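Structure, as structure tokens:
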Amino acid sequence: MLKDISHKTVAILATVAVLTAALAATVRAADDATGNPLQAQIDHGKSTYAAKCSHCHGPNLMNSGTITPDLRAFPDDKTRFVTTVKNGKNNKMPPWADILNDDEIGELWAFISSRRKP
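Going left to right, the sequence shown walks through residues -29 to -1, 1 to 89 as mature numbering (1 follows the signal peptide of the UniProt record, and there is no 0) numbers them.
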């Protein structure tokens, strides 16, 4: 009896592992239709930016006449960016750590970095 349960458990775990791998491959293929993983991150970051950030920072990474900085001029400092997004800034920018996960913040960084002014 115990051996039967053990075999069933192994079979179920193997099936879950195979399905998880297949799902991950499907998601990667869908996310990366261009064959460029960085472009997939940029595209996801652009969507997240539009939904979560553009109302304060503007649709083009700047919002004239407000206290928000021009994100096209944000320094090439990912650590500073991640810290600011997670923790907020000067009681003016709210913290997003409970709303955005690490992957979403990384995708935002990829998008904003791709739009940096030369």
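The C-beta atom is built at its ideal place from N, Cα and C for all residues, glycine as well.
Quick caveat, the model's predicted, so the values are computed rather than measured.
- Boundaries cannot be given for residue 68, as no alpha helix (DSSP H) includes it and DSSP labels it neither H nor E.
- Residue pairing for residue 23: DSSP places it in no beta bridge.
- Shown here, residue 60 sits in a strand according to DSSP, grouped into three states.
- Your pair residue 68 and residue 61 does not check out as a contact, with CB atoms roughly 16 angstroms apart and the cut at 8 angstroms.
- Taking 8 angstroms as the cut-off, the beta carbon of residue 82 is found no closer than this to the beta carbon of residue 29.
- If the five residues before and after residue 10 are omitted, its C-beta is found closer than 6 angstroms to no C-beta atom of its own chain.
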